[in-house]
Structure formats: C-alpha cells, structure tokens
Amino acid sequence: MTIRKRSATDIVVMGAFLLLTLLILLPLWYVLVISLSTAKSYAMDSIHLWPRTISLAQYKLVFGNAEVMRSFGVSVIVTLAGTAFSMLMSIMGGYSLSKKGMPGRRFLLTMVIITMFFSGGLVPYYLLVRNLGLNNTFLALILPMAINSFNLIILKNHFVSFPLSLEESAKLDGYNDVQILVRIVVPLSIPVIATIALFYAVGYWNDYFQATLFISSNKMYPMQVVLRQMIIQQTVVGLRGMNGQTIEQFKMACVVVGMLPMLAVYPFIQRFFSKGIMIGAIKE
Amino acid sequence: MKRLLSTAVAMLLSAVLLLALVGSPAIAQEAPTTIRFARAGNVQDPEVDRILLALQAKLNIKLEIVSIPWDQFPNKLNIMVSTGEPLDFVLCDAGSMVESWANDGLIIAWDEMLATGNYPLVNSLVNSQMYKNFKINGQVYYKPLPLVPNQRGMLIRTDWLQNVGLEMPTNLDEFYTVLKAFVENDPDGNGVDDTLGIWDYFSLPYVERCFAINAPNMGPNSSDAVWVEQADGTVTRYEISDQNLASLTFLRKLYQEGLLKKDFITTKVDSDIGYANFSAGKYGVEDTSNPQLAYETLIAMNPDATVALMPALEGVNGVPANSGNNGGSWWGAAITSTCENPEKVMELFEYCLTAEGRELTEFGIEGIHFTSKETVNGATVYTMDREECAKDWDVESNGLMYPLTWGAFNYGENFYIPIEKYDYDFDTAYQNMETWINMDLAGGQFATWAADIAKYSIASPLLNVNSSALQGDTGALKSVYDQYRLKIIMDENVDVEAEFAQMKAEWLSVGGQAVIDAGNEYWAANK
C-alpha cells in the first residue's frame with residue numbers, strides 16, 4: 161500500500177478549508193462560551209475563547225421562561241405540521257408534473273417557475289392572506305410557505321428519472337396511480353424526500369418574517385421572533401432574574417436552545433443528504 | 003266581566019314591562035365604541051386587565067389592541083395602514099412614513115376637532131413650541147408621546163473621584179481633567195493600569211451637547227436633521243456648524259489621549275456590554291438611559307462602589323449640556339382614516355393627559371394596585387400592592403411599572419406633566435414636570451432624574467420639522483459626514499480644520515446646500 165505524498169497544493173487547500181471551518185465554528189463556539197459564562201467571568205473576559213467558569217444558570221432561566229418555552233412549542237408545532245404538509249403537497253405536485261400525459265402540464269410548470277423569478281409584492285401578499293382570513297392563525301405560518309418551487313422542481317425531476325417500466329409493472333399488478341406513488345415511488349425516493357424535508361424543516365424553523373407579518377398575538381410568536389426581539393431590541397432587560405450582568409449570557413443561551421433541534425436532526429438526515437441533493441439534478 | 007278583568011291585568015302588566023324595558027340602563031346607555039389600535043410588543047389583554055377595564059368603563063369604549071412584534075414594526079404598520087386595515091389609531095415614529103400617510107389621506111387631520119375646544123390638553127401639547135413642528139402641511143396629524151429630554155444621563159464613579167482627589171466636574175475643562183485622572187491616576191487603587199475614562203456609544207451625544215443644543219443622535223428617534231442658529235440670525239445644519247468643529251476638536255483630544263473608549267464606533271446605544279464593562283470597573287463614566295439598572299449592575303460586582311448622576315456640564319456658550327432637547331418624545335399617535343369615531347379617540351387621548359387618567363394608566367386603581375401616595379422630597383411616591391399588580395401584569399418582567407405606562411396612550415414613565423396647572427402652557431409645564439414614582443424606585447438614587455433633566459429643556463431651531471426638503475438625501479449626507487467625522491476624531495495625522503472644510507464642501511455638494519436653503523426659508527417663515 162502506498163501513501164501519496166501530500167503536495168503543497170494539498171496543504172494549501174487543507175489550510176483553506178481548515179480556515180473556512182474555523183470561520184463557521186468560531187461564532188458558534190463564541191455563543192456557547194458566553195452562554196456558559198458567569199456574570200463575573202463574562203465581564204472580566206473580553207475575548208471569550210474559552211469558558212473561564214462553566215455555569216448552566218442561563219439555560220435554567222431559558223427553560224424556566226414561559227415566553228421562550230411557549231415560543232419553542234409554537235416553532236415545533238409549525239415545523240412539524242408545516243414540513244408534513246409541504247412534503248405532502250410537494251410530492252403530489254412533483255409527481256403529477258412529472259407525468260408527460262398530464263393535461264396543462266407545461267402551463268402549470270411555467271406558472272411554478274415564474275414564481276421563482278417574480279413576486280406579487282408584499283402588499284398584495286399581505287392582502288391575500290388577510291382576505292383569506294388567515295391572520296393570527298397557525299395556517300398563516302404554514303400555507304404561504306407550503307410549496308417551495310425549487311423543491312418542487314427537484315422532486316419533479318427526480319420522479320421524471322424514475323424507470324417507467326417499474327410503474328408499468330405495478331399497473332399490471334393492479335395498482336392505481338395513488339398506490340404506485342405511495343407504495344412504489346415514495347419508498348424508493350427516501351433520500352430525496354429526506355433531503356427536501358430537511359430543507360422545509362429548516363425553512364419553517366428559521367422563519368420569522370411570516371409571523372411578524374401575520375401574527376398579532378405574543379402567544380403565537382415562534383421562537384425566532386422572540387429571539388430576534390431579544391437580540392435586536394434588547395427586550396430581555398427586565399425578564400425574570402435578568403440584570404445588566406447576565407443579559408448577554410441569557411441571549412446566547414437562547415440562541416443555543418434555538419439551534420439545538422436542527423443540530424440534533426442533522427446527523428440523522430446527513431446520510432441521505434449528499435445522495436439526495438444530487439438526485440433529480442441531472443436528467444439523463 | 004272576568005274576561006275583561008284578565009285583559010285589563012294583562013295590558014297593565016305589558017305596560018309595566020314595556021316601561022321597565024325602556025327605562026332600563028341596558029337600553030338607555032349607548033353601546034361602547036370600539037377603538038382598535040396597533041402597538042408594538044403589547045402584552046396586555048383589554049378583556050381581563052383591570053386597568054384597561056376601568057379605562058374602558060370610564061369612557062364607554064371597547065379597546066382592541068393589535069400587537070406587532072418589535073422586529074419589523076414600522077414595515078408591518080405601514081402595510082396595515084396602507085392596505086386599509088380597520089384601525090382607529092396607530093402608535094409610531096414621526097417622519098416620512100407619517101408624512102406620506104397624511105399626503106395619501108390614510109390618516110386624518112385633527113384641526114377641526116381641536117377647534118371645538120373639547121380637547122384643551124391635547125391642543126396645548128400639539129401646539130407647543132416643542133411639538134408644533136410635527137405638523138404636516140400646517141395641520142395636526144400626530145400627537146407625540148413626551149419623554150424626558152434625551153432620556154439619557156451620565157453616571158460617574160464618585161468613589162473614583164474621591165480616590166483621585168477631584169470634585170464633580172462642572173464644565174468641559176474639569177470633565178477633561180477628571181477623565182485624564184481616571185485613566186492615569188489608578189482610581190481603583192489596584193496598582194494596575196487598567197482603567198479608562200468614558201463609556202459612550204457611536205454618536206457621543208453628551209459631549210456634543212456641550213457645544214450645541216440638540217446635537218445629533220442624542221436620543222431615541224431624534225432626527226438627524228439638527229439645526230443651529232448662527233450669529234447673523236440664519237440657521238445651518240449642525241454637521242457643518244462651527245459648534246460641531248469645536249465639538250469634534252474636543253472629542254479628538256479625548257480619543258487621541260486614550261480617555262474615550264477606543265472602539266466607540268462599534269458600540270450600540272445602551273449596550274449590555276456597556277453595563278458589563280462599567281460594572282467590571284473598567285470605566286469611570288457611563289452614558290446610559292437606565293441609571294438605576296447601571297447602578298444595580300455595578301454594585302452587584304463592586305459592592306463598595308458609589309456613583310452619582312453627573313449634573314449638566316456648562317457648555318461653551320453657557321448653556322447646560324443637558325439642555326439639548328430632541329423634543330423629548332418617542333412615538334406618537336395618528337388617527338387613521340378607517341376610524342369611524344375620531345372624537346371618541348380624542349376623548350381617550352384627552353382623558354389620558356389628565357392627572358386622573360395618567361394615574362390610572364401608570365399606577366392603576368387606587369385601593370387595588372396602589373394603596374396610598376405621599377410626597378417625598380418633592381416626588382409623589384405610590385405604595386403599590388405587588389400581589390394585586392401581579393394579577394394584571396408580569397411584575398417579574400416589568401417590576402411595578404404597568405406595561406402600558408409608556409408607548410400607549412401617553413408619555414414617558416415616572417413623571418407627570420401638569421398642563422392644567424400651568425394654564426395649558428405645555429412648554430412651561432414640561433419644564434416643571436412632576437416626579438411620580440412607585441415605592442421601589444423612590445428608594446433608588448435616581449428617583450427624580452427625569453424632572454432634573456427636564457428643567458434644562460430648550461427647543462432648538464426647527465426642532466421636529468420632518469419635511470423631506472429639510473432632511474435632504476439623508477443617506478448621502480450622513481455618509482459624507484460620518485466618514486469625515488471619524489477621520490477627524492481618530493486619525494492622528496489629520497489637519498482638523500482643513501479636513502472639516504473639506505467635509506463641509508463635500509456635504510454641501512451632495513445636496514446639503516439645498517437643505518440649508520430650504521431650512522432658512524422655513525425658518526424665516528416660521529420663526
């Protein structure tokens with residue numbers, strides 16, 4: 161077995177990637193270190209590269225804060241319900257549009273693609289949702305984001321590349337189109353479905369704009385809205401147990417808690433990720 | 003006969019029932035008028051909050067509050083108003099958005115209602131010297147919610163002053179000497195060169211105020227368009243004024259000698275890091291809008307530390323440095339064109355400016371939220387019932403301050419402006435505002451700081467004029483100014499006067515000259 165000697169280019173490339181990795185990890189690490197700092201260690205340390213003391217006090221406050229936990233619950237509900245609904249709509253839409261015999265297929269596909277380049281504008285969008293009576297409902301956080309054109313087209317391209325003979329043989333066995341989709345196509349498309357589901361889930365989890373636009377009740381704000389208010393508007397001043405010493409640590413603890421669900425899900429989806437994202441990208 | 007009797011009895015009973023119905027209060031009293039308004043970050047429910055219930059009962063109204071997240075607040079509000087969302091009034095910043103709503107007929111003028119004489123308190127406020135310039139096209143569309151001038155103060159470590167053997171500074175020279183001693187004379191006595199002079203944020207407003215009334219960026223929502231009266235009676239913008247040249251020269255001296263926080267350009271207003279640094283004993287002076295919070299943070303880490311609110315420095319023209327006044331307002335109310343009963347909204351505004359209305363919306367109901375009030379050192383101190391207050395708002399988050407004390411129907415917390423007492427002269431009433439505080443704050447060191455600062459309030463030229471002609475291309479003007487300002491303060495090799503002259507020329511060339519001309523035209527017409 162021979163080991164290839166690393167060239168100077170390899171070392172430069174590795175160095176560049178190492179630097180890139182640091183650029184990504186350092187802010188996360190910085191947030192984590194501050195969230196674990198005590199009031200004194202935070203005030204005395206201006207770099208926050210390493211926690212001088214470790215305290216979970218701020219996490220206790222986060223989990224004991226009704227507003228934060230309620231918003232966390234809202235985000236979980238919206239993300240789970242939204243992702244499930246989006247996948248249902250996108251799979252059905254993508255599969256239908258992949259069928260060449262579908263009447264009006266080209267027109268519908270064009271309509272979908274147009275939305276990727278042009279928007280109706282914020283005011284018509286607001287008016288539409290308001291006139292549908294969706295303001296101040298969870299549906300306002302889900303329905304407008306139910307189908308992402310990009311994801312729909314990835315799924316459609318994936319379904320187009322499915323061997324036609326497989327579906328024909330299923331039809332010979334007496335399956336109708338819905339049965340073919342549910343029993344044949346979906347089980348064989350798990351990598352792409354998992355990947356798209358992750359896209360949707362991250363989108364729902366991170367979204368704050370829909371809520372700021374359509375929700376007028378504090379009780380229905382998702383976590384990202386609450387977090388943004390805390391970080392941008394300094395609204396943590398005066399929260400339970402807060403004072404000038406621990407505000408920054410509390411905010412950082414909230415950010416960590418906000419990131420955790422997505423970080424926890426990623427490793428389980430990752431095995432599908434590289435495979436799934438390429439499926440449907442090229443049509444042969 | 004029996005039948006006749008039965009008929010007569012039945013008719014009599016029917017008549018009694020009819021009379022009872024006609025005379026019943028349920029029918030006699032009008033149904034409450036619904037008032038729906040939008041406010042950022044509202045947490046109170048008008049259906050259960052006893053203070054709001056009392057307010058509604060008093061005025062026979064039904065309040066509906068549309069809460070908007072702080073984030074994206076102006077954008078959402080603009081969309082709501084522009085799309086004709088059924089609202090009766092909105093609370094928002096003054097400026098181009100309100101001006102465009104007025105021009106597009108999305109909000110209504112109040113002049114006819116004010117002319118009826120039914121709203122004398124509102125009338126005195128919107129026509130005061132301080133707020134009259136909020137008018138749009140000569141008409142009243144907006145009622146600002148008054149605050150303390152600048153809503154800011156300087157905290158100074160008095161134990162450090164004692165350690166370096168200096169007195170409280172009263173003018174700029176003494177202030178400079180104190181800052182220098184805080185940096186060089188080891189004020190904390192730990193034998194290490196680890197102390198700095200002043201913690202301030204990007205705009206360094208306190209120092210600027212020593213040179214001109216209402217210097218830029220002094221407080222929440224202060225306009226960037228700040229005007230200075232010149233010796234010849236004309237006005238000019240602060241950025242290119244002689245006063246600013248003097249201010250920049252002084253700031254440069256502080257910066258170059260290491261007395262000013264080195265990274266001040268990246269500091270946000272009331273940054274948490276500011277509190278942390280001050281509490282860690284790194285700085286001797288801190289600019290803050292919340293002196294009590296800064297103080298509590300400091301003594302939590304340095305129990306022996308002592309501080310005081312720095313009195314107004316004497317400015318270069320003899321005017322106290324605190325006298326700068328951004329109009330002392332934050333947010334204001336505008337009545338939307340979708341409002342069906344604007345008189346009722348005006349009635350609400352008027353009532354909330356009375357002593358009774360202010361007390362209700364600040365301290366709640368006597369006998370429930372507060373049990374007594376007494377005068378202590380010139381302040382009216384309310385003894386609150388914490389348990390009862392907790393039934394109506396989150397006292398752990400807000401303390402004893404009712405969440406809608408500010409930014410709803412009325413103005414800043416912890417004071418009352420006695421307009422009636424001063425014969426509806428709002429400007430004089432403002433300078434003589436009364437401190438109204440709860441018992442928690444009465445024990446603090448800064449109980450009367452709002453009223454202390456208000457004494458110095460002076461309206462500067464063209465204060466609160468929001469005309470776009472007087473603002474100019476704010477982005478371009480600000481870009482030129484910020485660039486040169488930082489260079490003058492931070493670059494040790496720069497020739498200050500030459501650089502300032504270059505800034506002035508460039509500022510005038512990117513639209514500043516048109517702004518100056520428009521300002522003088524307005525000044526001549528409205529002085």
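Protein chains in written order, with my numbering: chain A, 161 to 444; chain B, 3 to 529.
Cβ coordinates follow ideal geometry from the N, Cα and C atoms, glycine included.
Closer than 8 Å to the CB of B:D73 there is at least one CB belonging to chain A. Beta-bridge analysis with DSSP links B:E231 to B:V237. Per DSSP, B:M156 is one residue of the beta strand (DSSP E) stretching across 155–159.
Counting only residues of its own chain and dropping the five nearest sequence neighbours on each side, A:V191 has a CB closer than 7 Å to the CB of M412, V415, V416.
By DSSP's assignment, B:T385 forms a beta bridge with B:S374.
Within chain B, the C-beta atoms nearer than 7 Å to that of A:V385 come from P71, D73, in chain order. Under a criterion of Cβ atoms nearer than 9 Å, no residue of chain A is adjacent to B:I200; the nearest Cβ is some 18 Å distant. Proximity of A:N378 to chain B, defined by a Cβ-Cβ separation below 8 Å, is satisfied. Apart from sequence neighbours up to five positions away, the residues of its chain that approach A:V362 with a beta-carbon distance below 8 Å are M422, ordered along the chain. B:P71 and A:V385 do touch by the CB rule: their CB atoms are close to 5 Å apart, below 8 Å.
Under DSSP, B:D289 forms a beta bridge with B:M156. Counting C-beta pairs with one atom in each stretch, the stretch 383–400 of chain B and the stretch 343–354 of chain B have fewer than three that are closer than 8 Å, which means they do not touch. Considering only B:A33, B:M170, B:P305, B:A410, the residue with the shortest C-alpha distance to B:P148 is B:A410.
Annotated three-state conformation of A:L294 is coil, per DSSP.
Closest in C-alpha terms to B:L253, from the list B:R487, B:N522, B:G514, comes B:R487. Remark: three or more beta-carbon pairs, one from each stretch, lie closer than 8 Å, so the stretch 298–305 of chain A and the stretch 363–379 of chain A are flagged as touching. Neighbourhood of B:V397 in chain A, by CB distance below 7 Å: empty, with the nearest CB roughly 10 Å away. Of all C-beta pairs linking the stretch 289–298 of chain A to the stretch 370–380 of chain A, three or more are shorter than 8 Å, placing the two stretches in contact. The stretch 243–258 of chain B makes contact with the stretch 483–502 of chain B: 3 or more CB pairs, one atom from each, lie closer than 8 Å.
Selection B:G155, B:I110, B:T476, B:L79 evaluated against B:N292 yields B:G155 as nearest (Cα-Cα). Put simply, of B:E508, B:Y384, B:N279, B:L181 the residue whose alpha carbon is nearest the alpha carbon of B:I242 is B:E508.
Close partners of A:Y381 in chain B (Cβ separation under 7 Å): P71. For B:A282, the nearest beta carbon of chain A is closer than 8 Å to its own beta carbon.
A residue is called buried once 16 or more other Cβ atoms fall within 10 Å of its Cβ, and B:G514 is buried on that count. Excluding five sequence positions before and after B:G43, the CB atoms of its chain that fall closer than 6 Å to its own CB belong to W72, given in chain order.
Within the stretch 274–358 of chain A, the complete alpha helix (DSSP H) segments of 4 residues or longer fall at 282–291, 299–302, 309–320, 324–332, listed in chain order. Annotation for A:S195: the continuous alpha helix (DSSP H) segment containing it runs 168–195. Between A:S197 and A:P211, the CB-CB gap stays under 8 Å. Burial is judged here by how many other beta carbons sit within 10 angstroms of a residue's own beta carbon; B:G191 has fewer than 16 and is exposed. Close to chain A, meaning a Cβ-Cβ distance shorter than 7 Å, are the following residues of the stretch 82–103 of chain B: S84, T85.
Going by DSSP, A:S235 is part of no beta strand (DSSP E) but of the alpha helix (DSSP H) stretching over 226–258. Within a 10 Å sphere around the beta-carbon of A:L257 sit 16 or more other beta-carbons, which makes this residue buried. If you draw a straight line from the Cα of B:D425 to the Cα of B:L362, it is about 22 Å long. Around the CB of A:Y426, fewer than 16 other CB atoms lie within 10 Å, so the residue is classed as exposed. Between A:T213 and A:S201 a beta carbon distance of about 5 Å is seen, short of the 8 Å cut, so the two are scored as contacting. Between B:N304 and B:S331, the C-beta gap is not smaller than 8 Å, which leaves the two residues out of contact.
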